[in-house]
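Below is one structure, written out as structure tokens; comments come after it.
Numbering (the working numbering), first residue to last: 5 to 393.
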């Protein structure tokens, strides 16, 4: 069959993609040119927060030298070797809708192999399925999970990318005995684009509106604090972990470093919100802002005076601030996939559903051992190690 001139041109364009290291400044500039498309985990400041990892910023360039993709890669050395596990948290930032996905990913894999990586994990920043709050509220019941419920929307790009990754040999984390995702697969998002504050207020359920009014009547004062209050935030976080039965495993130094690095990159990128009542901080939440997206990252609250609803007051303040900053999405981060009211973790799901947002199942994280018998052996050893932890 004859090959047309257009097909030859396209093939040349495909072959011309190269992936190479870039500076943190160029990486940041590229992400800033695509507001709302990149996670804060792909910003250079986040690499500075992660101890024990070596960071590299990569760019995709076509034959004309135009940058058409970016990735922040974190390398973790395998003890006793000079080999690395490469991790792209909520990345890379590329055109995932391109049907020639392998031509975008192969230059990345070639670069990682040359850098000494034996395996790679990435988290394509794509939605897969969405459920509206009303849908999940109606579906709650004994033994029910989010995945049991027919979604309100299946994203065609996410579904297609999942198929293409499986066909290329990638394994989805948490399946077939693999270690689970490092980042939450189920997120809770409140859409802000095109909505007024009145719209956001109307989207809250009656319990949320009642609790926000109760906090205001009790003179709960939500405000933005400084880094000086991070020790108080951390004290409340420890109380919250003990009360709610979870452990993040983060130190005070970790949050202080996070606050310093993110705000050094862009003032106001990380904010600490405090809810004061009668001269005492009853709740403290952190917010991260990048591009046209805002993330509620970590929340903590005291064990006493919970009846004045400081956390609801804080969230309403944070939602309004995100809206004022021009964010298109308020990301409340992870939720469990539990819809059984008898399970303890359903409380978090129920609380976030009250904002009237959506549960979004992302594509999740995917792993691939790079070519070569040694790489595959090292990858299997790492997976066995993680499975025992």
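Built from N, CA and C at the ideal position, the CB exists for glycine as well.
- Of 199, 68 and 85, the smallest CA-CA separation from residue 385 is found for 85.
- Taking residue 224 as the centre and dropping the five residues before and after it, the same chain places the C-beta of 279, 281, 312, 314 and 317 closer than 6 Å to its C-beta, in chain order.
- With a threshold of 16 other beta carbon atoms within 10 Å, residue 177 meets it and is buried.
- Just so you know, the alpha carbons of residue 126 and residue 186 end up roughly 10 Å apart.
- Looking at the backbone, the Cα of residue 378 and that of residue 175 are separated by about 18 Å.
- With 16 or more other Cβ atoms inside 10 Å of its own Cβ, residue 26 counts as buried.
- If you draw a straight line from the Cα of residue 254 to the Cα of residue 302, it is about 11 Å long.
- The beta-carbon separation of residue 344 and residue 147, rounded to 6 Å, stays under the 8 Å limit for a contact.
- Contact between residue 35 and residue 42 holds, with the beta-carbon distance rounding to 4 Å and staying under 8 Å.
- For residue 266, the closest C-alpha among the options 168, 216, 376 and 53 is that of 53.
- Here residue 241 is actually not in contact with residue 306; their C-beta atoms are around 11 Å apart, not less than 8 Å.
- With distances taken between CA atoms, residue 370 lies nearest to 184 out of 359, 330, 184 and 69.
- Straight through space, the alpha carbons of residue 191 and residue 383 are spaced by roughly 28 Å.
- In the DSSP assignment, residue 168 falls outside any beta strand (DSSP E) and lies within the alpha helix (DSSP H) extending over 160-171.
- Within the model, the alpha-carbon separation for residue 258 versus residue 232 is close to 14 Å.
- The Cβ atoms of residue 235 and residue 256 sit closer than 9 Å to each other.
- Taking the Cα positions, residue 132 is about 9 Å away from residue 166.
- Residue 67 has its alpha-carbon roughly 41 Å from the corresponding atom of residue 362.
- Counting the other CB atoms within 10 Å of its CB gives residue 200 a total below 16, which places it among the exposed residues.
- Within the same chain, Cβ atoms closer than 8 Å to the Cβ of residue 216 are found at 208, 313, 316, 317 and 320, the five residues on either side in sequence being excluded.
- Setting aside the 5 residues that flank it on each side, residue 70 has no residue in the same chain whose C-beta is closer than 6 Å to its C-beta.
- When the five nearest sequence neighbours on each side are left out, the beta carbons in the same chain lying within less than 7 Å of the beta carbon of residue 135 are those of 150, 153, 155, 156, 362 and 363, in order along the chain.
- Judged by DSSP secondary structure, residue 335 falls outside any alpha helix (DSSP H) and instead within the beta strand (DSSP E) spanning 333-338.
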